[in-house]
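Written below as structure tokens is the structure these notes are about.
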Amino acid sequence: MKITSVLSFFLMLNCSIHSTFSQIRNAPLTAKDIESASENYQRYCALCHGTEREGNTADFAPSLRSKSLMSTMPLNFLASSIGFGRPNTPMAAYLKDMGGPLSMKEIFNIASWLKYESGHQTIAIKEEDISGDLDEGLKIYLKECSECHGIKGEGVTAPAIANPAFLAFATDAYIKYAIINGREDTKMEAFKNTLTEAQMNDLTSYIRSLTAGWSPEPKKLAPYPNPENYVLNPKGKNPKFNLREKRYVPMKEVLDALQSKKRLIILDTRTTSEWQNAHLPGAIPIPYYISEEEITKGLPNDKTWIIAYCSCPHAASDKIINMLRKKGYKNTAVIDEGFFKWVNDGYPIIAGQAQDPASK
Ligand code: HEC
Ligand code: HEC
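Residue numbers (the working numbering): 818 to 1177.
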């Protein structure tokens, strides 16, 4: 890790996070670091990025071992992607200051370990500000890229390249390198033989123009709900749900149950930082990485309906529901459409520190 890149990382950070970060030194990975990073990776990341870092296990999460990514993404960019996530995508923020489960040291350990495991040396791509024709860039983008990356770069089956948290760190040279070389063993092909140099410059400039500026803000964290309030509408009747594949409940039925004051429990199975951003009314944070021993704490096993959701839209919630079913919980289900659809359709959510039915 180069001092300059660490500095630019620090510069982007607000003071209170800054002090936590400045503890981290450019220390080589010890055997113990490797062991704990690999354990943390399996616990927190494998769900989507795969046990072998191959990507695409859920949510079209990118490969974390392709040579082109691991050799060009600077360590601070990698650590920032993990610590602050990519807002509005399934990639959550894992840093404690953001409401996530990991310390900065643990995050840097995972980042360094990912580089180490990939076996690819970090190469310095020559920095350059690339200029090109934005209209041409848009045309080529819509023809060659939007199918996977989305019309507005919002991400469909491929990363959201218009995401401000991505563009804050991705330099022009980094973006162009990805276009030229693609990402080995993924759907991202190398465009060096299909596009001209000028076209790749147009594209890079166009992608660059999608940014709106971003810097991570430490969060004021909302208190977590009390176990006494886990059951919503405790005096209400049990709802009736029509499950697909004995597991998936349409979100409309969950909304109806909430509005008609039925008795139920809602679990937010995403990373806790996502619960901090916004969640369903009364949802309690039971993240997918919770341990077998902890999962049942405060959850009554008395046929009260337990409904889980995530943004994946199923990977994290399926995992939690499987754990509960194994422990004998009846009446459990997963919201079929997932969190983003719930939000996009204007269903009610509790944002930030707003008063929550479960914490009353
Ligand atoms: C719920 C699924 C999920 C989990 C769990 C998850 N990720 Fe991700 N991750 C994603 C998705 C999806 C993206 C792409 C986001 C986008 O559209 O930009 C991503 C992007 C990334 C990137 C950026 C890669 C690139 O090509 O720009 C890194 C690095 C990363 N994740 C590391 C991690 C690590 C390390 C963990 C564990 C601490 C983790 N992720 C956990 C889904 C996940
Ligand atoms: C067939 C689908 C597909 C098409 C078409 C496609 N990409 Fe990609 N792209 C991907 C996937 C998948 C990834 C993530 C690869 C991985 O690491 O797993 C990616 C990654 C990238 C990245 C790196 C993002 C990061 O987080 O580091 C850039 C930049 C990019 N694509 C730009 C483009 C551009 C520009 C085009 C059009 C010329 C394009 N892509 C066309 C699927 C596609």
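Beta carbons: idealized from backbone N, C-alpha and C, even for Gly.
*Within 10 angstroms of its Cβ, does Ala-878 collect 16 or more other Cβ (buried), or is it exposed?*
Buried, since its Cβ has 16 or more Cβ neighbours within 10 Å.
*Look at Ser-1134 and Val-1151 and say whether their C-beta atoms are less than 8 Å apart.*
yes
_At 4 residues or longer, what runs of the alpha helix (DSSP H) sit wholly inside the region 861–948?_
List check, alpha helix (DSSP H) in window: 863–866, 884–889, 892–901 and 921–935.
*Looking only at its own chain, which residues have a Cβ that is under 8 Å from the Cβ of Ile-1024, when we skip the five neighbours before and after it?*
Gly-954, Tyr-958, Gly-970, Ile-978, Ala-979, Leu-984 and Ile-992
*Of the choices Ala-896, Ile-1137 and Lys-1036, whose alpha-carbon is the least far from that of Thr-1113?*
Ile-1137
*Where does Trp-1122 fall in DSSP's three states?*
coil
_Contact defined as beta carbons within less than 8 Å: I believe Pro-1098 pairs with Pro-1165. What is the distance between those atoms, to the nearest angstrom?_
6 Å
*Secondary structure, alpha helix (DSSP H): runs of 4+ residues fully inside the region 971–1056*: Unbroken alpha helix (DSSP H) stretches of 4 residues or longer found wholly inside the region 971–1056: 981–984, 989–998 and 1014–1025, given in chain order.
*Can you tell which of Gly-972, Ser-1022, Glu-961 and Glu-1001 has its C-alpha closest to the C-alpha of Asp-989?*
The candidate whose alpha carbon is nearest that of Asp-989 is Ser-1022.
*At which residue ranges does the region 1047–1114 contain complete alpha helix (DSSP H) runs of 4 or more residues, listed in the order of the chain?*
Within the region 1047–1114, complete alpha helix (DSSP H) segments of at least 4 residues are found at 1068–1076 and 1089–1094, given in chain order.
*Examine ligand 2 and report whether any of its heavy atoms sits within less than 7 Å of the Cβ of Glu-964.*
yes
_Exposure of Arg-870, with buried meaning 16 or more beta-carbon neighbours within 10 Å_ = When all chains shown are included, Arg-870 counts as buried.
*Whose C-beta lies closer than 8 Å to the C-beta of Val-1066 among residues of the same chain, with five residues either side of it excluded?*
Phe-1058, Asn-1059, Leu-1060, Ile-1124, Ala-1150, Val-1151, Ile-1152 and Asp-1153
*Hey, out of Asn-1094, Leu-1075 and Asp-876, whose CA is closest to Gly-972's CA?*
Asp-876
*Anyone know if the C-beta pair for Arg-1064 and Ser-880 falls short of 8 Å?*
Arg-1064 places its beta carbon 8 Å or farther from that of Ser-880.
_Check this for me: beta carbons of Ile-1167 and Thr-1121, under 8 Å apart or not?_
At the C-beta level, Ile-1167 and Thr-1121 stay beyond 8 Å of one another.
_Starting from Ile-1166, trace the beta strand (DSSP E) in both directions and tell me its first and last residue._
Note, Ile-1166: premise wrong, no beta strand (DSSP E); not H, not E.
_Coil, strand or helix - Ile-1137 by DSSP_ = helix
*Could you tell me which residues DSSP pairs with Val-1160 in its beta bridges?*
Answer by DSSP bridge pairing: none, since Val-1160 is not bridged.
_Residue of Asp-1173, Tyr-861, Asn-905 and Ser-883 minimising C-alpha distance to Val-1048_ = That would be Asp-1173, whose Cα lies nearest to the Cα of Val-1048.
_By DSSP's criteria, Ala-1150 is part of a beta bridge. Which residues make up the other side?_
Ile-1124
_Option nearest Ser-1128 by Cα separation, candidates Gln-859, Pro-891, Ser-1077 and Pro-904_ = Looking at the Cα atoms, Pro-904 is the closest of the given residues.
*Where the alpha helix (DSSP H) through Leu-959 begins and ends*: 951–961
*Flag Arg-903 as yes when its Cβ comes closer than 7 Å to any non-hydrogen atom of ligand 1, and as no otherwise.*
yes
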